[in-house]
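Student: Can you keep this structure in mind? I'll have questions shortly.
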Amino acid sequence: MLATLKPRSLGVKILGWFWLTLLLSYLAASVPTFFLPASVKERVIPAEDLTGMQALGQLIVKNVVENTDAELNKRDDRFVHWAVLSSDGSLMMSTESVPAQAQRLIEQAERDSQPVELLLRDMVISGPQYVELESEQYMLMFWRDRYPRFLDKIREIPGWLKLALVMLTTLGMSFLFYRSIVCPLQRLSRGFNELSQGNFDYRLGNEICLDDEFDKLYANFDRMANQLQEMVSMHNRLIADISHELKTPLSRLQMSVALARTAPPEQLGAYFDRAESEGEKLDEMIKQLLQLAECITRSLEFTCQQEEVPALLEPLLDDAQFEADALNVEFSVQAPDNISLLLHKRLFTMALENLIRNAFKYAQRLVSLKVYFKQDHCVFEVCDDGPGVNADDLPRLRTPFYRADQARSRQTGGVGLGLSIAHEAMVVHGGRLGLRNRKRGGFSASLHIPLR
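Set out below in structure tokens:
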């Protein structure tokens, strides 16, 4: 799992905030150790240490009294400093100034009392140690620098203060963590709210590239908003195109009926024929619109079954040959004898029929159907030798009611729905519709069915 974490990923941020909070809480509890007054701890010196102190005290007092080591108080490389006092408390010799805490310890000491040890922040004081030499009694004080562990310093802080510092630090870091996680989520929530209100122009964008999960989430949101805006625009255009395409034959139908009412009897037949022709166009257009709507809205309801392709193609090819003969166009078929595919029979037949009829509309002398296997797909390719399509128009041919140019216009009898229906049928099959211009002239439309 750790191998998948990127330096700026959300998981690393969460772990980072957690450990940073712990570190800052520790530091916050440590800072007061340098400002709060040090507590003084007093403890009894262990017996084994007392024996060593007694021997050292005897040696120091002897040297001080006999003055055989006059340089004792001038050395600056000592680990332990000391002071020798007479029985009345007057200072006889010391290696450096006697600390104030040591002075108070001397004043409070009672004769024959056991020496104690004071633990200060930066010093350890031991004494007073009573030493008797030649019937005279002397007192010794020892002190040395103390280097306590950092944890020892923290332990000296009052419990309530440590708790307060840790709580304040944790709250502050939690607030920053809240802002780094919740604020981006709130921004995303505002984006969804804008979309729900119909504001499809709203984009999150991300001026500061964080390269984390939120950055990718913003990019996906903007991509989704772009697609929704495009779908809504396409829907609006489709409604407008449907209204326009239905209005034209309907207007001509109404005009034919109106003229027939005032026309002489010998002209009625021509007007009725025109009205019948426009009615057939309306019927065909409505039929194709229903097919397109069915493919789009009921795509999840279609169930594919294993079908024998030759048997499926036989009635379709008979109709295609009949139409080719009527148009004086050559129609050729190249297909393997035994092909079995997972298909929705009606949708596949409808898609292939649209491609063949589309080819007949623009072919000059030849239309062909080739069935072959390419990688993991079975391809049904329909080719014609017509004028082809402008390369810039190829990506938009799947759009309903889109007609590329005058050569492929309403004059050929089409309204621009056949390729849209074929495309949606391929979406149901998990395949695709391929469209291209042939190198030697003409147009090629192919259905790519996955082999499953």
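Counting from 1, position 169 in the sequence shown corresponds to residue 169 in full-length UniProt numbering; the numbering is continuous, with no gaps. A virtual CB, placed ideally from N, CA and C, is assigned to each residue, including glycine. The model shown is predicted, which means the values in this text are computed figures rather than measured ones.
Would Gly-434 and Gly-388 qualify as a contact pair, given that the criterion is a beta-carbon distance under 9 Å?
Tutor: Here residue 434 refers to the residue found at position 434 of the sequence shown. Here residue 388 refers to the residue found at position 388 of the sequence shown. Between Gly-434 and Gly-388, the C-beta gap is not smaller than 9 Å, which leaves the two residues out of contact.
Student: Please classify His-429: does DSSP put it in a helix, a strand, or coil?
Tutor: For this step, residue 429 is matched to residue 429 along the sequence shown. In the three-state DSSP reduction, His-429 falls in the helix class (H, G or I).
Student: So, does the stretch 268 to 280 touch the stretch 220 to 234, judging by three or more C-beta pairs under 8 Å?
Tutor: no
Student: What would DSSP say about Val-65, mapped onto helix, strand or coil?
Tutor: Start at 1 with the first residue of the sequence shown, and residue 65 comes out as number 65. Note: Val-65 maps to helix in three-state DSSP.
Student: Taking a contact to mean a Cβ-Cβ separation below 9 Å, would you say Leu-451 touches Cys-383 in this structure?
Tutor: Position 451 of the sequence shown, counted from the first residue, corresponds to residue 451. Position 383 of the sequence shown, counted from the first residue, corresponds to residue 383. Not in contact: Leu-451 and Cys-383 (Cβ atoms no closer than 9 Å).
Student: Classify Gly-413 as buried or exposed, calling it buried when 16 or more other Cβ atoms lie within 10 Å of its own Cβ.
Tutor: Within the sequence shown, residue 413 is the residue found at index 413, counting from 1. Residue placement at Gly-413 cannot be trusted, given a pLDDT of 49 that sits under 50; what the coordinates show is reported in the next sentence. By the 10 Å Cβ count, Gly-413 comes out exposed.
Student: Three or more C-beta pairs under 8 Å: does that hold for the stretch 131 to 138 against the stretch 164 to 173?
Tutor: no
Student: Just tell me which of Ala-422, Asp-88, Tyr-362 has its CA closest to the CA of Glu-353.
Tutor: Locating residue 353 in the sequence shown gives position 353, where the first residue counts as 1. The alpha carbon of Glu-353 has as its nearest neighbour, out of Ala-422, Asp-88, Tyr-362, the alpha carbon of Ala-422.
Student: Over the uninterrupted beta strand (DSSP E) stretch that includes Asp-384, give me the two end residues.
Tutor: Stepping through the sequence shown from its first residue, residue 384 is reached at position 384. 377 to 384 is the extent of the beta strand (DSSP E) around Asp-384.
Student: Exposed or buried, which one is Cys-183 when buried takes at least 16 other CB atoms within 10 Å?
Tutor: Start at 1 with the first residue of the sequence shown, and residue 183 comes out as number 183. Result: exposed.
Student: So who's on the other strand from Ile-181, going by DSSP bridges?
Tutor: Taking the first residue of the sequence shown as position 1, residue 181 is located at position 181. DSSP lists no partner for Ile-181.
Student: Have a look at Pro-99 and Phe-18 and give me their C-alpha separation to the nearest angstrom.
Tutor: Start at 1 with the first residue of the sequence shown, and residue 99 comes out as number 99. Start at 1 with the first residue of the sequence shown, and residue 18 comes out as number 18. Cα to Cα, Pro-99 sits roughly 45 Å from Phe-18.
Student: Taking the alpha carbon of Leu-394 as the point to measure from, which residue in Asp-385, Asn-437, Glu-323 has its own alpha carbon closest?
Tutor: Here residue 394 corresponds to residue number 394 of the sequence shown, with the count starting at 1. Of Asp-385, Asn-437, Glu-323, the residue nearest in Cα terms is Asn-437.
Student: Could you check what DSSP says for Leu-133 in three-state terms: helix, strand or coil?
Tutor: Here residue 133 refers to the residue found at position 133 when the sequence shown is read from its first residue. Strand at Leu-133.
Student: Which residue from His-448, Lys-62, Thr-399, Leu-140 puts its Cα closest to that of Ser-90?
Tutor: Here the question's residue 90 lines up with position 90 in the sequence shown. Checked all of His-448, Lys-62, Thr-399, Leu-140; the closest Cα to Ser-90 is Leu-140.
Student: If you draw a straight line from the C-alpha of Ala-324 to the C-alpha of Ser-340, how long is it?
Tutor: The residue you call residue 324 lines up with position 324 of the sequence shown. The residue you call residue 340 lines up with position 340 of the sequence shown. Near 27 Å, if we compare the C-alpha coordinates of Ser-340 and Ala-324.
Student: Please report the distance separating the alpha-carbon of Gly-198 from that of Asp-385.
Tutor: Here residue 198 is taken as the residue at index 198 of the sequence shown, counted from 1. Here residue 385 is taken as the residue at index 385 of the sequence shown, counted from 1. Distance between the alpha carbons of Gly-198 and Asp-385: 47 Å.
Student: If you reduce the DSSP assignment to three classes, tell me which class Pro-336 lands in.
Tutor: Within the sequence shown, the letter at position 336 stands for residue 336. If DSSP states are grouped into helix, strand and coil, Pro-336 belongs with coil.
Student: Near Leu-20, which residues of its chain fall below 8 Å by C-beta distance, leaving aside the five closest residues on each side in sequence?
Tutor: Reading the sequence shown from its first residue, position 20 is the one you call residue 20. Contacts found: Met-173.
Student: Along the chain, where does the beta strand (DSSP E) that runs through Glu-117 open and close?
Tutor: Against the sequence shown, residue 117 aligns to sequence position 117. If you look at Glu-117, you'll find it in the beta strand (DSSP E) that goes 116 to 119.
Student: What residue range is occupied by the uninterrupted beta strand (DSSP E) comprising Tyr-372?
Tutor: Along the sequence shown, read from residue 1 onward, the residue named residue 372 stands at position 372. Here the beta strand (DSSP E) through Tyr-372 covers 366 to 374.
Student: Asn-199 by DSSP, collapsed to three states: which one?
Tutor: The residue labelled residue 199 in the question sits at position 199 within the sequence shown. Three-state DSSP puts Asn-199 in coil, outside helix and strand.
Student: Are any of the Cβ atoms in chain B nearer than 9 Å to that of Met-350?
Tutor: Looking at the structure shown, chain B is missing, and only one protein chain is on hand.
Student: Tell me which same chain residues have a C-beta within less than 6 Å of the C-beta of Lys-370, skipping the five on either side of it?
Tutor: Numbered from its first residue, the sequence shown carries residue 370 at position 370. So the list reads Gln-334, Glu-381, once near-sequence residues are dropped.
Student: Would you tell me roughly how many angstroms separate the C-alpha atoms of Leu-355 and Ala-445, rounded to the nearest one?
Tutor: On the sequence shown, position 355 is the one that residue 355 refers to. On the sequence shown, position 445 is the one that residue 445 refers to. Distance from the CA atom of Leu-355 to the CA atom of Ala-445, rounded to whole angstroms, is 7 Å.
Student: Does the beta-carbon distance from Ile-60 to Ser-126 come in below 9 Å?
Tutor: Taking the sequence shown and counting its residues from 1, one reaches residue 60 at position 60. Taking the sequence shown and counting its residues from 1, one reaches residue 126 at position 126. If you check the CB distance, Ile-60 and Ser-126 do not come in under 9 Å.
Student: Note the first and the last residue of the continuous alpha helix (DSSP H) segment covering Pro-310.
Tutor: Here the question's residue 310 lines up with position 310 in the sequence shown. It spans 309 to 327 - the alpha helix (DSSP H) in which Pro-310 sits, taken as one unbroken run.
Student: Starting from Met-255, follow its DSSP beta bridges and name the residues at the other end.
Tutor: Here residue 255 corresponds to residue number 255 of the sequence shown, with the count starting at 1. For Met-255, which the question treats as bridged, DSSP gives no partner whatsoever.
Student: In this structure, does DSSP put Ser-113 in helix, strand or coil?
Tutor: On the sequence shown, residue 113 is found 113 positions in, with the first residue counted as 1. The answer is coil: DSSP assigns Ser-113 none of H, G, I, E or B.
Student: Identify the continuous alpha helix (DSSP H) that holds Glu-96 and give its terminal residues.
Tutor: Here residue 96 refers to the residue found at position 96 when the sequence shown is read from its first residue. That residue, Glu-96, is in no alpha helix (DSSP H); it is neither H nor E in DSSP.
Student: Return the residue from the list Asp-318, Asn-63, Arg-144 that minimises the CA-CA distance to Gln-101.
Tutor: Mapped onto the sequence shown, residue 101 falls at position 101. For Gln-101, the nearest C-alpha among the options comes from Arg-144.
Student: Can you name the start and end residues of the beta strand (DSSP E) that Ile-449 belongs to?
Tutor: Within the sequence shown, residue 449 is the residue found at index 449, counting from 1. That run of the beta strand (DSSP E) goes 443 to 450.
Student: Are Pro-400 and Ser-420 closer than 9 Å when you measure CB to CB?
Tutor: Taking the sequence shown and counting its residues from 1, one reaches residue 400 at position 400. Taking the sequence shown and counting its residues from 1, one reaches residue 420 at position 420. The answer is yes: Cβ separation under 9 Å.
Student: From the DSSP output, in three-state form, read off Arg-438 for me.
Tutor: Taking the sequence shown and counting its residues from 1, the one referred to as residue 438 is at position 438. Residue state, collapsed to three classes: coil.
Student: What is the DSSP secondary structure of Pro-265, counted as helix, strand or coil?
Tutor: Taking the sequence shown and counting its residues from 1, one reaches residue 265 at position 265. Three-state result, Pro-265: helix.
Student: I believe Asn-358 touches Gly-431 by the beta-carbon criterion, under 8 Å. Please report the beta-carbon distance rounded to the nearest angstrom.
Tutor: Here residue 358 is taken as the residue at index 358 of the sequence shown, counted from 1. Here residue 431 is taken as the residue at index 431 of the sequence shown, counted from 1. Here Asn-358 is actually not in contact with Gly-431; their C-beta atoms are around 18 Å apart, not less than 8 Å.
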